[in-house]
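Let me begin by presenting the structure, written as structure tokens, before commenting on it.
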Amino acid sequence: MSDVAITTLLVVALFALLGSGVWIGLTLAGVAWIGMELFSSRPAGDAMAVTVWGAASSWTLTALPLFIWMGEILFRTRLSESMFRGLAPWVDRLPGRLLHTNVIGCTIFAAVSGSSAATCATIGKMSLPELAKRGYPEDITVGSLAGAGTLGLLIPPSIIMIVYGVTADVSIARLFVAGIFPGMVLAALFSGYIAVWAMLNRDRIPPPDAPMTFAAKLAESRHLIPVMLLIGGVLGSIYAGIATATEAAAVGVVGALVLSAAQGSLTRATFRESLLGATRLYCMIALILAGAAFLTLAMGYIGLPRNLAAFISSLGLSPFMLMVALAAFYVLLGCFLDGISMVVLTMGVILPTVQAAGFDMIWFGVFIVIVVEMAQITPPVGFNLFVLQGMTGRQMPWIARVTMPFFFLMCAMVLLLWFFPQIATWLPSKM
């Protein structure tokens, strides 16, 4: 069968299983099984067992449940309420008011976790209940969280950047530095959209609180101290070289427990609820990860990513059209694979083409991260969409629809990066 026919068959199988109500992780594994049984000579059962065990026993992924538990502790004690109370006076006069806390929170936490799923889940655990309690509309709340959660891949430290740096033989330190400005610009685009949306939908935004003096705002900011101490402890342990990202996640859990106990809001019940809540959410995410890992293996055996990449390389496109084609290619690939797998499976074929086109490898690394971010919120396998579906109980088409404006903002970011490459290259050039 041709690659087009194989792809069509797998897409139909994917939507059929999802539409029948099968769990997402089992759906991904089922599609992978179909692909390997029909189009590969390797036994599917053996491959699934090895792959699922490898995905479940990854040391790097240990950080994810720990960061989720940290978010649960913050959510179930008074720490998340304190964070919103400290931020509210400073954003209350901006169009959109507390909706900006999704972007601000994700931007800050992205520098802690390096994971899109962890950023989305942790900030979502704090912001979704607080914003709902204050009367903010659910569509823009969930959409902005899905979009801003992708910043975990762009703002260093970033797992995707490490994988790209190793594959393309590029300095990882320079890649990390290159991601700072684009991350800030993308966060500004998200906040700008929220402001415009709020001005066009004034009736849907809760009224502002009573005006406060500057001194009163500073006084309210004291409520930010516990959360800032927690973030400082996690970030500081990473950048001081004391802890890895996984160990820093454990520091975050211990810090959240200590701070909530000091506040008097940590009880036996809240501890138990936070632990069970984190376990339930991570089990959902882990099942999806296992299914995605098996699907990635199946795609590799079938050869679809390599064949599609080779096809794009053979078209002889201009640099700009090559950039557009690659963006579309990675977004399409994101419908089936996770970000790391996309980079690993395609770089060997794509890199000679982009080097021949004269692309700066640091710039291209940032470009790859942004288009992988776009894939994180692209159905049917957009990972942030799955995380939010598990947290909100909403259907995937609804979540994809409210997230779509932020997908287009990322498209705009890709164009900005093309016309103003200095956004990514200026800071690394000063190293």
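In our numbering, the protein residues as written are 6 to 436. A virtual CB, placed ideally from N, CA and C, is assigned to each residue, including glycine. As the structure is a prediction and not an experimental result, all values here were calculated from the model.
DSSP places Val57 within a helical segment (H, G or I) once states are collapsed to three. No Cβ-Cβ contact shorter than 8 Å links Ser62 with His228. The beta-carbon distance between Phe195 and Leu414, rounded to whole angstroms, is 6 Å. This is short enough to meet the 8 Å contact definition. Using a Cβ distance threshold of 8 Å, Ala429 and Pro213 do not count as a contacting pair. Contact annotation: the stretch 259-266 touches the stretch 70-79, with at least three C-beta pairs closer than 8 Å. Counting only residues of its own chain and dropping the five nearest sequence neighbours on each side, Met233 has no CB closer than 8 Å to any other CB.
Fewer than three beta-carbon pairs drawn from the stretch 386-399 and the stretch 355-375 are found closer than 8 Å, and the two stretches are therefore not classed as touching. By the Cβ neighbour-count rule, Leu205 is exposed, with fewer than 16 other Cβ atoms within 10 Å of its own. Assigned with DSSP and collapsed to three states, Gly269 falls in coil, not helix or strand. If you ignore the 5 residues before and after Ala49, its C-beta comes within less than 7 Å of the C-beta of Trp38, Met41 and Glu42, all in its own chain and listed in chain order. Setting aside the 5 residues that flank it on each side, Thr112 is surrounded in the same chain by Ala153, Leu156, Ile160, Gly188, Met189 and Ala192, each with a C-beta closer than 8 Å to its C-beta; the list follows chain order. Residue state for Arg139 is assigned as coil, using DSSP reduced to three classes. Between the alpha carbons of Ser132 and Leu235 lies a distance of about 17 Å. If you check the CB distance, Leu33 and Gly296 come in under 8 Å.
With a contact defined as Cβ atoms closer than 8 Å, Val377 and Met347 qualify at about 6 Å. Distance from Asn312 to Ala122 at the Cβ level is roughly 29 Å; contact not present, criterion being Cβ atoms closer than 8 Å.
Taking the C-beta atoms as reference points, Leu150 is found nearer than 8 Å to Gly129.
For Thr172, the closest C-alpha among the options Thr124, Gly370, Ser45 and Val201 is that of Gly370. The criterion of a C-beta distance shorter than 8 Å is not satisfied by Ala315 and Ser45. Sequence-distant Cβ neighbours of Ser270 in its own chain, meaning closer than 7 Å and more than five residues away, are Thr82 and Arg83. For Trp28, no alpha helix (DSSP H) segment is defined, and its DSSP state is neither H nor E. Per DSSP, reduced to three states, the secondary structure at Lys130 is helical. In this structure Val17 is exposed. Its beta-carbon is surrounded by fewer than 16 other beta-carbon atoms within 10 angstroms.
Counting the other Cβ atoms within 10 Å of the Cβ of Cys288 gives fewer than 16, which makes it exposed.
At a Cβ-Cβ threshold of 8 Å, Ala68 and Ala254 count as neighbours. Pro433 has its alpha-carbon roughly 42 Å from the corresponding atom of Gly398.
Here Ala332 carries a helix assignment [DSSP, helix/strand/coil].
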